[in-house]
Each structure stands twice: as structure tokens, then as C-alpha cells.
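Below is one structure, written out as C-alpha cells; comments come after it.
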Amino acid sequence: KNQVEQSPQSLIILEGKNCTLQCNYTVSPFSNLRWYKQDTGRGPVSLTIMTFSENTKSNGRYTATLDADTKQSSLHITASQLSDSASYICVVSGRAGNMLTFGGGTRLMVKP
Amino acid sequence: ETGVTQTPRHLVMGMTNKKSLKCEQHLGHNAMYWYKQSAKKPLELMFVYSLEERVENNSVPSRFSPECPNSSHLFLHLHTLQPEDSALYLCASSQDRRANTGELFFGEGSRLTVL
């Protein structure tokens, strides 16, 4: 069964600190992995997409990594800001058909 | 205008009511989706439409009835819902239904409360 597990479920950090969110998946065969950011009361917005051949990709202060061998991805946030407070959702796509598997998300709170 | 617009943003209804959620996309996409997001649970796919034809229905109860009159509009008709149906309902669109290559663009969601 395809699964996506995210950790931690929730995280509180101080403004200016760094943090790393984890995503482990069992989806096979693998096509790509996306990280979405969902602000409270809003819809998810794509941050980055990782394909099989990519190890690292940055989008401003967000850096995603992918290890396709161990089926793990991480999202690193540098110099956190209050606006980073949101849920971060990992979504994995398999090559078979159109199925997307969603993780349960990590709820990040950045405090001043 | 944002790419995907959902109305209403908030809805409170009794179990015997009939209401509808509306979604409109201005991106020229060919596929539209309804997702349900409950607290502390991953997003659940409810319906997929590609070029106005329903292609997936993930065993959703018949009290939820989708309608896609054209490639830009999607409705979710609600009838005799249960309190456990209270959730955030998200509409999304993508260029085509090959979700493994395309990005999903989500609306802001409709927060539904069933009393």
C-alpha cells in the first residue's frame, strides 16, 4: 500500500531559527515528490517538486532534498519568519496511473 | 482574480439541508478535483473530472454529488449530510489529469460545518 509519513506532526520554533521537516514514502514506482505549504484557512500552494534524478532543490529559504534509494525527503527552512507558520504537506506521485499519495502534514509554528 | 476560486468560503448547514459548493478555475486547465481535508488526516480525493467527464469516484457516499458543466466550473452538491462530513473541501485543477506530471492548483477551500 502506498503511504507517505511525515514527521514531526507539529513543531514550534523561534523566529530566525532553522528547522527540517521529514517525509518518508513507500510509493513505487516513484515519479515525483512535491512539498506544499498550506496557510491556515487557505489552500495548499506548491513550494517545490523533486524528480527521481534530483537530490537537492532550493526555493528561497526553502531547500528540499530527496534520497530515492531510502525513499526519504526533507524540507529545510532557513532563518524562519513568522510567515512560515503553516502546514507543510508532502505529496508523492507514482508512475503508475494518476494516483497521488498525501502525507498528513507537519504543522509549523514560528514564534517571535 | 486568483487561479482557482471557491464559494462559499464558509457554510453551516443542518443535516436535512441541500446546499452546493462552487469552484471556478481561470487557468485553462482540463482537469478539476474535489478533495476533503479533515483535521489531522491527509487530503482525501473525492472526485476527478477531465474535460468535463468524471473519471474517478473514490467510493464517496451518494450524499455528495458532483457536477462539471464545463472545464472551468465544478460543483459539489450536498444533501442530507452527517456531522462527520464537517471538513474543509478543497477544489483543485491541473493542466491535465496526469497528476504525476502536473502541479495541482488549489482553491482557498470551503469550510463546511454540519450541525
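Which chain is which? The protein sequence lines are E and X, in order. Using this note's numbering, the first residue of the first sequence is number 1, and each one after it goes up by one. Using this note's numbering, the first residue of the second sequence is number 1001, and each one after it goes up by one. Ideal Cβ positions, reconstructed from N, Cα and C, are used throughout, including at glycine. What you are looking at is a predicted structure, and each value in this text was computed from that prediction instead of being measured.
Report task. At 4 residues or longer, and completely inside the stretch 1002-1037 of chain X: list those alpha helix (DSSP H) runs for me, N to C. Result -> none
Query raised in the report: Which residues in chain X sit within 9 Å of E:G60, going by Cβ to Cβ distance?
Result: None at all; the shortest Cβ gap to chain X is about 17 Å.
Requested in this report: Can you tell me which of the three DSSP states X:E1052 falls into?
Outcome: Here X:E1052 sits in coil by DSSP.
Query - Among X:E1108, X:D1096, X:V1004, the one whose alpha carbon lies nearest that of X:V1055 - result: X:D1096
Report task. Can you give me the Cβ contacts of E:Q22 inside the same chain, cut-off strictly under 6 Å, excluding the 5 residues immediately before and after it? Result -> Excluding residues within five positions, the ones whose Cβ falls inside 6 Å are S7, S74.
Query raised in the report: CA-CA distance, X:E1067 and E:R42?
Result: Taking the CA atoms as reference points, X:E1067 sits about 23 Å from E:R42.
Query raised in the report: Would you say E:P44 reaches chain X, if we count a Cβ-Cβ gap shorter than 8 Å as a contact?
Result: Closer than 8 Å: yes.
Report task. Name the residue from E:H76, E:I89, E:S46 whose alpha carbon lies nearest to the alpha carbon of X:E1103. Result -> E:S46
Query - Chain-ordered residues of the stretch 81-105 of chain E with a beta carbon less than 9 Å from chain X - result: For the stretch 81-105 of chain E, which is checked against every Cβ of chain X, the residues closer than 9 Å are I89, V91, S93, G94, R95, A96, G97, N98, M99, L100, T101, F102, G103, G104, G105.
Requested in this report: Could you tell me if X:D1085 is buried or exposed, where buried requires 16 or more neighbouring beta carbons within 10 angstroms of its beta carbon?
Outcome: buried
**Report entry** Proximal residues of chain E, C-beta to C-beta of X:S1024 below 9 Å
**Finding:** The amino acid at residue 1024 of chain X is misidentified as Ser; the sequence shows Glu. Within chain E, no residue has its beta carbon less than 9 Å from that of X:E1024; the closest one is some 14 Å off.
Query raised in the report: Who are the near neighbours of E:V110 in its chain, counting only those whose CB is closer than 7 Å to its CB and skipping five residues on each side?
Result: I13, E15, S80, Q81, L82, D84, S85
Query raised in the report: Taking the DSSP output, what are the residues bridged to E:C90?
Result: E:W35
Query - X:V1060 versus X:S1071: straight-line alpha-carbon distance, rounded - result: Rounded to whole angstroms, the gap between the alpha carbons of X:V1060 and X:S1071 is 22 Å.
Query raised in the report: Roughly how many angstroms separate the alpha carbons of E:T56 and X:T1007, rounded to a whole number?
Result: 38 Å
Requested in this report: Determine, using beta carbons only, whether X:K1022 and X:F1075 come nearer to each other than 8 Å.
Outcome: Yes, Cβ-Cβ distance for X:K1022 and X:F1075 is below 8 Å.
Query - Any C-beta of chain E under 8 Å from that of X:K1018 - result: no
Report task. Say whether the stretch 88-106 of chain E touches the stretch 1040-1051 of chain X, bearing in mind that this needs 3 or more beta-carbon pairs closer than 8 Å, one atom from each stretch. Result -> yes
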